[in-house]
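Residue numbers (this note's numbering): 16 to 693.
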């Protein structure tokens, strides 16, 4: 019996990415039982990829300040390596490999954002911060990952089934397309490979050989000059992968996100500058006079905090809106406990709908809570720590409860998880509470960052886990098996991330100083360190709270007028250079899918499918080139540049970049619209 995808299925079902009609049911790509899924091969490969990518991602995140998205490269490796086995992998085995291996990305994201700040502070004179041990780093990552997974389990049906076809799921779409096209030969596989090659080549020309500008500011055309004179900044990241994400997101969501960026850069930034240029002193959290700042500096110092507040407000309202679904799930689980026949229940529930039971989920959350309390009470090496540990544990569980769904919704919407902003908020709240309880100094900073590390990893895990569940939902994996092996993958990722971080913290420079924070810059952790010093230092920063409160109020207003508050808030928080290519991708999607006179419904569907396939290829190629470029720059910092830095930022790089971008857009639109039904 063959275990491959049935030959008559050419791709994901037609209703995979569209809302279901009343009475319609989604049938996954592999609905049948008996297809190999969790096998020694899939588990071993998944764990090996998880270990390798965890150490690589940790090193790159601390050395270059950028992580790597492991899901797409691991999916490609899973498909490619299956050719070397006597029996080719089934697509469900590849889902498990990808799901386990992808733990590396979110665990590293949570740890690299926070824990290195403690190593840096520990080497700062008179800080009073102890040096984290290896097992402390591992436990922070593992506890956070488990909490993030457990808080999302009750919402699995809400995101996957009840909101089927509502969210675009860009990363899940690209990964699923790779897994599906890898199961067969033919035009679709070739189209994906060509698009991935174009995406890799395009982003390589930008990042490795610097043949064109990476950040297009239009400063050398009239529009850009005119905007700059008015203290307005238009920045565009020249990235094929980011544009591919925008294509999958579509025009509706990308327009909302772009609107948030435009509001930040074209309204709030000039407003802050217009008022601030009359202020004769430095206003924290800024480091220089506002009148001397660039638009980008004003955005990162003040306006981005408004975005953090808007994300927090939108997130809390989103969780409150989803509470009825969570309560219904809890009630149904409690009813199921009465007169429960486990065998009959397992037989009655479809394989593709079997998840972690409510009892096990609750037991897991209780265990995670107890583990966090024990860790914060006795694992930090501080005596009489029960009260602050109780406070810290309560903050971890409450913040993770409210923001885990926010992280999942953000990933579902734009493929980007704003964990840095939510972690900053966690540090501020935790630090403020501990100061009110008179826990300050080195211990206060240490405990605050440990709480931040657990929450940061939990939020990263929730977003990544949502992507894995969506891939499994589309293809037909068993959720319970994905969940079970997700915990194992989290443990392996935590161990190898901790080892990589501990080894890097042991490195020293030639002059004997600590490498972490200097030659190994750890930029995100350095930013978190600055926040800690600001919280526990003597300098008050009331403007930070005003900006945060303004963001919360703005999210309420958006909710009242029934606009997508979270999408708009994400646009306000993320730099405009990231959101403009998303918007361009959304426009391309609209142009490709708009009705064409005399076109049949089948041809229209073929155009839509080819467009998504090309966008997925651009994402995959860009992701692979991002990993390659990161490793190249470890040895050759500048890569192999054709243009100098001045030329790339000047007129030559800008004009070449604009022409290349036009050519890329033409390829996407023209080739997609040529698609015909088979």
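Note that beta-carbon positions come from the ideal geometry of N, C-alpha and C, so glycine has one too.
For residue i, tell me which candidate among the options has the shortest Cα-Cα distance.
i, options, result
"residue 510", "52, 58, 51 and 63", "63"
"residue 263", "370, 631 and 460", "631"
"residue 213", "256, 168, 468 and 266", "256"
"residue 442", "460, 454 and 675", "460"
"residue 567", "587, 119 and 479", "587"
"residue 90", "159, 164, 422 and 188", "188"
"residue 252", "233, 390 and 39", "233"
"residue 424", "175, 287 and 47", "175"
"residue 278", "638, 247 and 300", "247"
"residue 376", "231, 170 and 667", "170"
"residue 655", "227, 70, 193 and 168", "227"
"residue 372", "529, 165, 293 and 34", "165"
"residue 160", "289, 480 and 393", "480"
"residue 419", "157, 681, 163 and 132", "163"
"residue 87", "462, 295, 482 and 445", "482"
"residue 518", "36, 70 and 59", "70"
"residue 35", "180, 84 and 622", "180"
"residue 273", "331, 641, 584 and 612", "584"
Do residue i and residue j have their C-beta atoms closer together than 9 Å?
i, j, result
"residue 321", "residue 380", "no"
"residue 191", "residue 486", "yes"
"residue 505", "residue 123", "no"
"residue 683", "residue 219", "no"
"residue 422", "residue 370", "no"
"residue 600", "residue 261", "yes"
"residue 325", "residue 573", "yes"
"residue 318", "residue 305", "no"
"residue 383", "residue 432", "no"
"residue 676", "residue 388", "no"
"residue 75", "residue 649", "yes"
"residue 439", "residue 543", "yes"
"residue 3", "residue 254", "Outside the displayed span of the chain (16 to 693) sits residue 3, for which this structure offers no information."
In whole angstroms, give me the CA-to-CA distance for residue i and residue j.
i, j, result
"residue 386", "residue 336", "30 Å"
"residue 66", "residue 72", "10 Å"
"residue 21", "residue 42", "Note on residue 21: pLDDT 45, under 50, position unreliable in the model; no value is reported."
"residue 647", "residue 223", "8 Å"
"residue 592", "residue 250", "5 Å"
"residue 356", "residue 315", "At residue 356, the pLDDT of 45 sits below 50, so the modelled position is not reliable and the matter cannot be decided from this model."
"residue 32", "residue 564", "37 Å"
"residue 608", "residue 46", "29 Å"
"residue 603", "residue 429", "16 Å"
"residue 56", "residue 94", "13 Å"
"residue 605", "residue 40", "27 Å"
"residue 520", "residue 408", "27 Å"
"residue 125", "residue 186", "19 Å"
"residue 550", "residue 138", "19 Å"
"residue 596", "residue 669", "15 Å"
"residue 685", "residue 259", "15 Å"
"residue 692", "residue 203", "12 Å"
"residue 17", "residue 620", "Low per-residue confidence applies at residue 17: pLDDT is 41, beneath 50, and the placement is therefore not dependable, though the value from the model is reported in the following sentence. Rounded to the nearest angstrom, the two C-alpha atoms are 29 Å apart."
"residue 92", "residue 184", "21 Å"
"residue 28", "residue 548", "53 Å"
"residue 688", "residue 627", "12 Å"
"residue 301", "residue 196", "49 Å"
"residue 639", "residue 293", "48 Å"
"residue 1", "residue 61", "The chain is shown only over 16 to 693; residue 1 falls outside these bounds and no answer can be derived."
"residue 354", "residue 172", "Any reading at residue 354 must be qualified, since the residue scores a pLDDT of 48, below 50, and its modelled position is unreliable; no value is offered."
"residue 615", "residue 26", "20 Å"
"residue 493", "residue 680", "38 Å"
Just reading off the alpha helix (DSSP H) that residue i is part of, what are its end residues?
i, result
"residue 258", "255-264"
"residue 616", "616-650"
"residue 458", "456-490"
"residue 613", "Counting along the chain, residue 613 falls outside any alpha helix (DSSP H), and DSSP gives it neither H nor E."
"residue 311", "310-313"
"residue 284", "284-291"
"residue 146", "It is not in any alpha helix (DSSP H) - residue 146 carries neither H nor E in the DSSP assignment."
"residue 386", "373-393"
"residue 138", "No alpha helix (DSSP H) holds residue 138; DSSP gives it neither H nor E."
"residue 232", "Here residue 232 belongs to no alpha helix (DSSP H), and DSSP marks it neither H nor E."
"residue 451", "434-451"
"residue 497", "494-520"
>> Across the segment 147-158 and the segment 503-521, are there enough close Cβ pairs to call them in contact, namely three or more that are closer than 8 Å?
In response: yes
> Does the segment 114-126 come close enough to the segment 494-501 that 3 or more CB-CB pairs lie under 8 Å?
Replying inline: yes
>> Using 8 Å as the cut-off, can you tell me whether the segment 45-52 makes contact with the segment 92-111, which would need three or more C-beta pairs spanning the two stretches below that distance?
In response: yes
> Is the segment 468-483 touching the segment 414-428 in the sense that three or more CB pairs, one from each, lie closer than 8 Å?
Replying inline: Per the Cβ contact rule, the segment 414-428 is in contact with the segment 468-483 (3 or more Cβ pairs under 8 Å).
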